[in-house]
Every structure is written in C-alpha cells, then in structure tokens.
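Its first residue numbered 1, the sequence shown is counted upward by one per residue in the UniProt record's numbering. Here is the structure we will look at.
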Amino acid sequence: MSNEISPQGRRDFLKKGTLAAVAFSAGASVSQGQEPAPEATGPGVPKKPLPPTVEHKHSHVEAEYDGFSRYQPSRGHDPDSDYYLGKLVPGFRKPADGPAPITTPDLEKLPFKMVDGVKEFHVSAEEVSREFLPGYHMNVYGYNGSLPGPLIEINQGDRIRILVTNNLSEATNFHMHGFEMPVQYDGAAEMTQNPIKPGKTFKYEFDVHEEGTFFYHSHVAMQEAMGMVGPIVVHPSKPFDPPVDRDFMLVFQNFFILPNQTVSDSWSMDWNWHTINGRSGPYTTPCVVKHGERVRVRLINFSPMQHHPIHMHGHTFWVTAHEGARAPKTAWIPRNTELVAVAQASEFEFIANNPGDWQFHCHMIHHMMNHMTRQNGPRIRENVSVDRYMENLDVRPTVTVSKTGHGTAPPGYPQKMQGMEMSMEFMKKVWQPREMKGMREAAPMSMKGLMTSMRVLPDDLFHRVMETDEKIEKGAIFTEIVNRFGNPADYKKTPPGMMEKMMMHEGHS
Ligand SMILES: [Cu+2]
C-alpha cells in the first residue's frame with residue numbers, strides 16, 4: 001500500500017466505513033485517529049454509503065487497498081499500483097488452506113483411487129445422451145456418461161494413471177492437451193500409438209510437473225466435433241498469490257444439429273447449438289459468489305472451429321493465464337471481454353465488488369442463440385427460388401402480415417430469437433438449480449446459447465440462496481440488491497403474467 005495509514009488504523013477506519021462514507025458524502029472531512037484519510041480524495045472514494053449488510057469481518061485482509069474497494073465498483077489510484085482494479089487484492093481464503101476447489105456448474109468431478117502412490121482414474125469413451133435444454137436430448141460423444149467429460153482435478157507433482165476404455169463402436173484415441181509427457185502417451189493417433197479398439201483399455205501413466213488448465217480429448221477429428229473433451233485442472237504445488245475464494249471451470253462447445261435431429265453434423269462449417277459445460281442458456285447453471293470475494297474463472301474453448309469472445313458484465317477482470325502456463329503478474333492485462341480461440345484456455349480473476357446478477361456470455365451473436373427461430377417471415381435469401389417458395393406457401397407456417405402501428409415489427413424481421421419452445425416443464429427445469437433462486441422472473445428470456453450468469457451476492461443473500469431451502473420468490477433477491485446497491489426508483493419488476501403470456505404465444509410478443 002502506498003499510503004501512510006497503519007493496517008490497524010485502516011481497519012478501524014474501514015470498520016466505521018458506513019459512518020465515514022456518510023460523513024464524506026455530506027462534505028465533512030473524514031479523519032480517524034491522527035492521520036488524515038488519503039482515501040477521501042481520488043477515484044476510489046465510495047460514492048454512496050455501503051448498506052449496513054456490508055460488514056467487513058475479515059481481519060486478515062482489507063476492505064480497501066489504495067483506493068480500490070472490494071465492496072464497491074472502483075479502480076484504485078494508480079495503474080502501476082499492485083492494487084489497481086484489484087490486481088493483487090487477496091480473497092478471504094487463507095493461503096494456508098490451499099487452493100480453492102474447482103466449481104464446475106452442470107459437470108461432475110472424476111473420482112480417483114490411490115493405487116501404489118499413483119492417482120488412478122478410469123475414463124470411458126462412449127456415446128452420451130446430453131440434455132442441452134430441457135427436453136432437447138442430443139446424441140453426442142463424451143466420457144463417463146457426460147459431455148463434456150467429468151473434471152480431472154489433480155496437483156502439480158502427482159503421478160497419474162489414466163485407464164481409458166473405449167466403449168464406442170469405433171476406434172478412438174485419447175490425448176491430454178498441453179502435458180509434457182513421455183511421447184508414447186501422447187495419444188496422437190497413429191503417430192504415437194495404435195488406436196484404442198472398441199472394448200479395449202489403454203493405460204497412460206506419468207508424473208505431472210506442470211500446473212494450470214488443461215483438457216483431455218479424442219484425437220480423431222470427427223469425434224472431437226461430436227464433443228469428446230473433458231477438463232483437467234492441475235493445482236500448483238505452491239499456491240498462486242493472491243489466493244482466490246472460488247475457481248470456476250467452463251467448457252464452451254458448438255454443434256450443428258438441425259431441427260428434429262439429435263445428432264450433430266460433424267462435417268459442418270456452421271454451428272447452431274452452443275453449450276457451456278454441456279448445457280445451453282438458459283439451462284446453464286449460474287456461477288454464484290459472495291460480495292467481496294476474489295474469483296477465478298477458467299474458460300476452455302473446445303468448439304470445432306469458432307472462437308469465443310467471452311464477456312462478463314459489471315466487472316473488469318485481469319487475465320492471469322492462458323493454456324500453457326500462468327502469466328507473470330507483469331503480463332496480466334485488464335479486460336471486459338477475453339477472446340478464447342479454438343483449443344485455447346484462458347483464466348481471469350476479479351474482485352466481486354459489484355453485487356447483482358451479471359450476464360456472462362460469448363459475444364458472437366450467433367452464439368447468443370440456438371437454432372430456435374420460428375419459421376417467421378418470408379425468409380427468402382439469395383439464390384432461393386421465389387416461385388418454389390410461393391408454391392409451398394400453404395405448407396409453411398403462416399405469417400401474420402398486418403402491421404398495426406408503432407412498435408409492430410415487420411414479420412420475420414428482426415428475428416428476435418424469442419421462439420424458444422417454452423413450456424411450464426421447460427421453465428420448471430430451468431429454475432430447478434438453487435443457483436437460480438431469486439433471479440428476475442424474465443431473466444431466462446435473455447440467456448440463450450453460450451450464455452450464463454455471474455451472481456454476486458452479499459453474505460446474507462448468498463446464504464439464503466445457496467445454503468438454505470428457503471422458498472424464494474422469483475425476483476426477490478435481485479430486487480433486494482437493487483434496493484441496497486442500486487436505484488430502486490428506476491427499477492421495475494417483471495410485469496406480472498409476462499412469462500405466461502410468452503409461453504402462450506411462443507415468442508410472438
Ligand atoms: Cu462464441
């Protein structure tokens with residue numbers, strides 16, 4: 001820290017933060033103890049008092065570092081400071097507790113057994129039925145009944161043994177992407193080994209000297225396009241500094257599955273179904289964190305051929321690693337959107353200092369939707385025969401062409417992507433995860449394809465959502481956050497009955 005306040009003096013100041021902030025906003029000079037508070041000037045100064053529910057009760061870390069507050073949107077004073085944008089602001093987790101376990105929304109972790117001092121994993125390459133959206137069961141390839149395959153979580157320095165059994169009806173290969181291993185375990189098809197025939201098992205065993213975000217996948221191209229991948233995290237033997245409180249792993253994938261089909265065209269150059277950890281928005285389970293925590297997110301792009309600019313709302317994050325290795329701190333860069341190319345991984349970290357339900361998504365517009373446009377409008381494109389279209393009009397879905405006034409869109413344009421076939425059962429399943437509790441009733445309407453959310457909740461709201469079985473009304477948590485941190489005068493809840501209306505009209509709003 002670059003100022004002269006002792007840690008104790010700072011803590012005292014911060015404990016009285018609410019009072020101090022009120023005094024400041026009233027124009028009074030803020031002074032706790034003998035030293036003037038340098039925080040009283042500069043961009044990091046709280047603009048409004050924190051609500052009483054924000055209580056800093058962690059004595060081993062600060063609430064504010066050189067103008068950067070872990071509880072309010074702020075930048076800090078100096079871009080060259082260690083604390084600018086929260087760069088090295090630690091989480092609440094004590095370093096002695098080791099790395100935070102990985103959270104993989106909608107994915108399992110692969111269990112292991114210790115056998116003669118080796119971590120032994122059993123992997124099954126197999127056909128998988130994965131429910132991308134409620135009611136949309138797709139036939140894909142994956143591992144251990146899952147797409148993507150389950151997370152393998154290990155430590156730097158481990159010796160691992162992975163027994164891969166091929167339960168597909170065709171030969172496969174198994175490659176662990178990014179590992180510096182003895183070459184006969186590389187799984188690079190015939191270049192390094194014979195394919196694993198159906199029903200056969202192959203053993204991979206080596207010492208892991210690396211750390212970071214990796215993945216395993218089939219090295220048969222068409223099988224990769226069918227989804228065969230799974231994430232691997234290797235925790236560093238010396239925990240990364242600063243410690244994070246949460247560590248999320250998200251795998252992004254694309255498929256081409258036509259309406260009324262369940263099998264992806266692995267030869268396609270076009271992609272119309274998009275999944276995060278095997279689910280499409282709004283069926284993607286939100287990431288939920290506590291206000292003030294330091295959070296890491298690991299992104300893996302295992303799409304066949306499309307890159308994903310991943311954007312998180314409401315926060316600025318530091319990109320701290322790519323696949324390959326953690327970057328030195330001098331190479332970290334602040335971003336709002338991180339482009340993750342095919343077969344790349346990225347990690348970013350941020351201090352969750354802005355409470356709310358924040359969209360977190362790929363920004364490619366075709367990846368922010370699935371195939372679910374209704375056949376609305378003429379949809380005549382280049383090189384399409386108009387005569388043939390006219391002949392077939394009576395067997396096509398009918399279009400209402402009346403334009404009745406202000407706000408009425410011409411039929412078919414724009415295609416608002418609100419034609420998701422929603423039903424009561426669909427919505428019930430979307431709302432099933434506890435992570436969804438208390439979000440705005442209409443929130444699922446805005447989450448499609450490669451979209452999920454990052455929920456930043458004050459301790460008491462986090463407790464209600466994640467640790468109790470309290471029945472929480474839709475919108476209640478969000479409204480509470482607006483009341484505490486936002487401007488309730490400019491906020492309106494989802495209009496009553498709106499969702500029912502959407503369901504009845506299936507998107508013809
Ligand atoms: Cu994308």
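We treat Cβ as the ideally placed atom computed from N, Cα and C, and that holds for glycine.
Within 10 angstroms of its Cβ, does residue i collect 16 or more other Cβ (buried), or is it exposed?
{"i": "E224", "result": "buried"}
{"i": "V288", "result": "buried"}
{"i": "Q306", "result": "buried"}
{"i": "E470", "result": "exposed"}
{"i": "Y283", "result": "buried"}
{"i": "N370", "result": "buried"}
{"i": "G86", "result": "buried"}
{"i": "residue 516", "result": "The displayed coordinates of the chain run from 1 to 509. Any statement about residue 516 would go beyond what the structure contains."}
{"i": "N194", "result": "exposed"}
{"i": "Q432", "result": "exposed"}
{"i": "T172", "result": "buried"}
{"i": "W267", "result": "exposed"}
{"i": "V465", "result": "buried"}
{"i": "L50", "result": "buried"}
{"i": "T452", "result": "buried"}
{"i": "D460", "result": "exposed"}
{"i": "M447", "result": "buried"}
{"i": "M138", "result": "buried"}
{"i": "S280", "result": "buried"}
{"i": "L258", "result": "exposed"}
{"i": "Y71", "result": "buried"}
{"i": "E180", "result": "exposed"}
{"i": "A476", "result": "buried"}
{"i": "K428", "result": "exposed"}
{"i": "residue 544", "result": "What the structure shows of the chain is the stretch from 1 to 509, and residue 544 is not part of that stretch, so it cannot be assessed."}
{"i": "I232", "result": "buried"}
{"i": "T213", "result": "buried"}
Given residue i, which residues of its chain have a CB within under 6 Å of its CB, disregarding the five upstream and five downstream residues?
{"i": "S81", "result": "D66"}
{"i": "E435", "result": "T285, P286 and V288"}
{"i": "L110", "result": "F121, P150 and I152"}
{"i": "Q344", "result": "N301 and E323"}
{"i": "Y204", "result": "I162 and Y185"}
{"i": "H57", "result": "Looking at the sequence provided, one finds Lys at residue 57 rather than His. Cβ neighbours of K57 beyond the five flanking positions: none."}
{"i": "P236", "result": "Q156 and E211"}
{"i": "F462", "result": "K290"}
{"i": "L133", "result": "S280 and Y283"}
{"i": "V229", "result": "P148, F215, H217 and F302"}
{"i": "F485", "result": "P355"}
In chain order, what residues of the same chain have a beta carbon less than 8 Å from the beta carbon of residue i, not counting five sequence neighbours either side?
{"i": "H175", "result": "D186, G187, A188, Y216, H217, S218 and H219"}
{"i": "E126", "result": "Y141, G142, Y143, N144, G145, N167 and L168"}
{"i": "C362", "result": "F252, H274, H308, P309, I310, H311, M368, G449, L450 and M451"}
{"i": "I472", "result": "K437, G438, R464 and V465"}
Who are the Cβ neighbours of residue i in its own chain at under 7 Å, not counting the five residues just before and after it?
{"i": "S192", "result": "The residue you asked about is not Ser; residue 192 is Thr in the sequence shown. Only V183, Q184 and D186 meet the Cβ criterion."}
{"i": "P488", "result": "V482"}
{"i": "T320", "result": "R326, A327, W332, E347, F348 and E349"}
{"i": "Y83", "result": "Y65, D66, F68, G76 and V89"}
{"i": "E293", "result": "G91, F92, D245, R246 and A352"}
{"i": "A341", "result": "N301 and H307"}
{"i": "S25", "result": "For S25, the pLDDT reaches just 37, beneath the cut-off of 50, and the residue's location in the model is therefore unreliable, although a value from the coordinates is still provided. Hits under 7 Å: K48 and P49."}
{"i": "residue 513", "result": "For residue 513 there is no data in the structure shown, the boundaries of the chain being 1 and 509."}
{"i": "A442", "result": "T494, M498 and M499"}
{"i": "P73", "result": "N353 and N354"}
Helix, strand or coil: which one does DSSP assign to residue i?
{"i": "F302", "result": "coil"}
{"i": "P239", "result": "coil"}
{"i": "L14", "result": "Any answer about L14 is weak, because its pLDDT of 42 lies below 50 and its placement is not dependable; what the coordinates show is given next. L14: helix per DSSP, three-state reduction."}
{"i": "Q344", "result": "coil"}
{"i": "K429", "result": "helix"}
{"i": "P111", "result": "coil"}
{"i": "P95", "result": "helix"}
{"i": "Q261", "result": "coil"}
{"i": "N487", "result": "coil"}
{"i": "Q184", "result": "helix"}
{"i": "S446", "result": "helix"}
{"i": "D207", "result": "strand"}
{"i": "E55", "result": "coil"}
{"i": "G212", "result": "strand"}
{"i": "D247", "result": "strand"}
{"i": "Y84", "result": "helix"}
{"i": "L461", "result": "helix"}
{"i": "A21", "result": "Bear in mind that a pLDDT of 39 at A21, under 50, signals an unreliable position, so the number given afterwards is only what the model happens to contain. A21: helix per DSSP, three-state reduction."}
{"i": "A100", "result": "coil"}
Original post:
Does the region 272-281 touch the region 324-334, meaning 3 or more C-beta pairs lie closer than 8 Å?
Top reply: Under the 8 Å Cβ criterion, the region 324-334 does not count as touching the region 272-281, having fewer than three qualifying pairs.
Original post:
For the 8 Å Cβ check, are there 3 or more pairs between the region 242-255 and the region 193-209?
Top reply: Counting Cβ pairs under 8 Å, fewer than three are found: no touch.
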